[in-house]
Amino acid sequence: MSAQDVADLVHEIQEERADSAANERFRNRAALLVAALAAVLAVGGLGGGNATDDAIAANIHASDTWAFYQAKNMRQTAYEIAAADIEARLAGGSLSPAQIAADTARLEDYRATIARYDSEPDPARPGDPTAGEGKRQLAALARTHEEARATAEARDNNFDWAEILLQLAIVLASVAILATSRRLLTGAAVLGGLGALLTLNGFLLLVG
Numbered sequence: 582m583s584a585q586d587v588a589d590l591v592h593e594i595q596e597e598r599a600d601s602a603a604n605e606r607f608r609n610r611a612a613l614l615v616a617a618l619a620a621v622l623a624v625g626g627l628g629g630g631n632a633t634d635d636a637i638a639a640n641i642h643a644s645d646t647w648a649f650y651q652a653k654n655m656r657q658t659a660y661e662i663a664a665a666d667i668e669a670r671l672a673g674g675s676l677s678p679a680q681i682a683a684d685t686a687r688l689e690d691y692r693a694t695i696a697r698y699d700s701e702p703d704p705a706r707p708g709d710p711t712a713g714e715g716k717r718q719l720a721a722l723a724r725t726h727e728e729a730r731a732t733a734e735a736r737d738n739n740f741d742w743a744e745i746l747l748q749l750a751i752v753l754a755s756v757a758i759l760a761t762s763r764r765l766l767t768g769a770a771v772l773g774g775l776g777a778l779l780t781l782n783g784f785l786l787l788v789g
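My numbering numbers the first residue of the sequence shown as 582 and each following residue consecutively.
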């Protein structure tokens, strides 16, 4: 073996060792990326579960409040019909003074009840439009629950899309490790970054 052959052999061994070291560094970086993506995915999964629970709870509260509103509306309508009947009797002019007095008192009571059904704010919470059991307060409260439901659903959508992107990123990064492909790892990093942004937006809802 000539001196040149020895030199070439030494050079090949050095290149193989350099390639091996570079590949090892690449795999280590890829493994760290997979671990980071998995951590973000776990956090996003927790946030998505909480957002789903919040949406369900808000939907139940909204439905219950609107049901209470409808019950109030039905009772108010019944009193309005009864009040209209009394007004017709009083307008007929065929009642005795005692009957007129009794019907007038009953009519005033019905009108007060109708007004209370329409608006009955909670005296313990003045200034709060959702506090109370009148139709006006119940409608405001129901709309508040509907807004909370919409917000929770928007957050949940962000978490859902984030989960898809993060899972794809983990798959790409895993394939990149096996194939030692920097392009695949770059694609995984891009998808993972988008998934992380959507996860963050799921918590903060900076973009609706």
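Virtual Cβ for every residue (Gly too), placed ideally from N, Cα, C. Source: prediction; values computed, not measured.
What span of residues does the alpha helix (DSSP H) with residue i cover, start to end?
i	result
D741	K716 to A760
R697	P678 to D699
L781	R763 to L785
Round the Cβ separation of residue i and residue j to the nearest angstrom and send it over; I've been treating them as touching at under 8 Å.
i	j	result
A636	D737	6 Å
K653	Y698	5 Å
D703	A712	4 Å
N640	R730	5 Å
L688	A664	6 Å
A754	W647	Their Cβ separation, rounded to whole angstroms, is 48 Å, which puts A754 and W647 out of contact at 8 Å.
L786	T732	7 Å
If I measure Cβ to Cβ from residue i and keep anything under 8 Å in the same chain, skipping five residues before and after, which residues do I get?
i	result
G628	R736, F740, T780, G783 and F784
V624	T780
D586	Note that D586 scores a pLDDT of 43, beneath 50, so its modelled location is shaky; the value from the coordinates is reported in the next line. Cβ within range, chain order: n/a, list empty.
Apart from the five residues on each side of it in sequence, which residues of its chain come closer than 7 Å, Cβ to Cβ, to residue i?
i	result
A750	L618, A769, L772, G773 and G776
R670	L676 and D684
T633	D737
Between the Cα of residue i and those of the options, spot the shortest distance and give me the residue it belongs to.
i	options	result
E668	T761, R606, L766 and I681	I681
L614	L786, L747 and L688	L747
Q657	L671, E714, A733 and I758	E714
G630	E744, M655, L759 and A760	E744
E701	A721, V788 and S762	A721
H642	L787, T761 and E728	E728
T725	D645, L765, A679 and A757	D645
A757	A612, S601, L778 and A603	A612
R763	R610, S601 and A602	R610
L604	V752, L766, D709 and T761	It is Asn, not Leu, that sits at residue 604 in the sequence shown. Among V752, L766, D709 and T761, the Cα nearest to that of N604 is on T761.
So what does residue i bridge to, in DSSP terms?
i	result
P702	G713
For residue i, I'd like the list of residues in its chain whose CB is within less than 6 Å of its CB, leaving aside the five on either flank, ordered along the chain.
i	result
L590	Confidence at L590 is low in this model, with a pLDDT of 38, below 50, so its placement is unreliable and the value that follows should be read with caution. Counting only Cβ-Cβ distances below 6 Å, and skipping sequence neighbours, we find nothing.
T694	Y660
P710	A721
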